[in-house]
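One structure is given below, encoded as structure tokens.
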Amino acid sequence: DGRVSEWTVRPSSLEVTDVLKFHGPVQSFRKSPASAPLPLEGTATCVAFKPEDNSLLLVGVDTGVVLEIRLSSSNYAHTRYPAHTAPVRSIVWNGHHHQVFATCSLDWMLKIWLQHYTCALVTLDLGAPVAELTWCHYSSSVIVGVTEDGRVHVYDLFLRKCRPLCVQNLLQRRRSRLVCVALSPFHPVLLVGGDRGYLVTLKLSPNLRRPHKEAKGADEVKLKEIELSKMDRIIATTKT
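Letter by letter, the sequence shown follows residues 1 to 240 in the UniProt record's numbering.
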């Protein structure tokens, strides 16, 4: 029903509180002054809290819009991203650069965004409705998207932005569709789920997880700096 709710676990019960109140579908959107709050249009389809800031979240809407909201003023949005032309299916923040996030939608598009900028940094056409996406834990620039027609797309935005490193067809003759994807935080293993309850486990090949040339022998602090620098270079070359 599109509600965004907060659940609290008690010893003998669950308590729920609606934290966002949407005002239903909006027929037209009139641009407000920069300082004016934006109404919560449409119906929520997905949410993502910002890393290290649990008071800020992004909400995907069935109109294709992504809204940036502070829980302290949850009746209004602070930033409106005109992200897609169909319902937003997933929003995921980058684990290395906390001002970068990605969205995907039924309009076939996977997009990369910089917080507070309403134009996408990168737009990828995956050729079918995109069910979900995930960033890789080992690289700030590697992103995986799954489409409903049964394909898994692996991109490294630092190496090339326009073409995937790999596209794997999982369903072949099965009459089903992919609905979710997750990467192990410890191993190069990918889990893909289908609409009939099955899970497929994939291992990323060494060609898809080559370390940066400066990463060999680097400590944890240096590795974080390298990954942050990679994303900063992507932003610098794509931001308009």
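Beta carbons: idealized from backbone N, C-alpha and C, even for Gly.
| Check | Outcome |
| --- | --- |
| Got a sec? Which residues, its chain only, sit under 8 Å from D232 by beta carbon, not counting five neighbours each side? | H97 |
| What are the start and end residues of the beta strand (DSSP E) that includes D156? | 151 to 156 |
| Mapping DSSP to helix, strand and coil, what is S72? | helix |
| To the nearest angstrom, how far is the alpha carbon of R3 from that of L20? | 7 Å |
| I'd like to confirm the pairing. Which residues does DSSP put opposite L114 in its beta bridges? | V100 |
| So, helix, strand or coil for S229, using DSSP? | helix |
| Around the C-beta of A236, are 16 or more other C-beta atoms found within 10 angstroms, so that it is buried, or is it exposed? | exposed |
| To the nearest angstrom, report how far apart R80 and Y155 are at their CA atoms. | 26 Å |
| For A48, name the three-state secondary structure that DSSP assigns. | strand |
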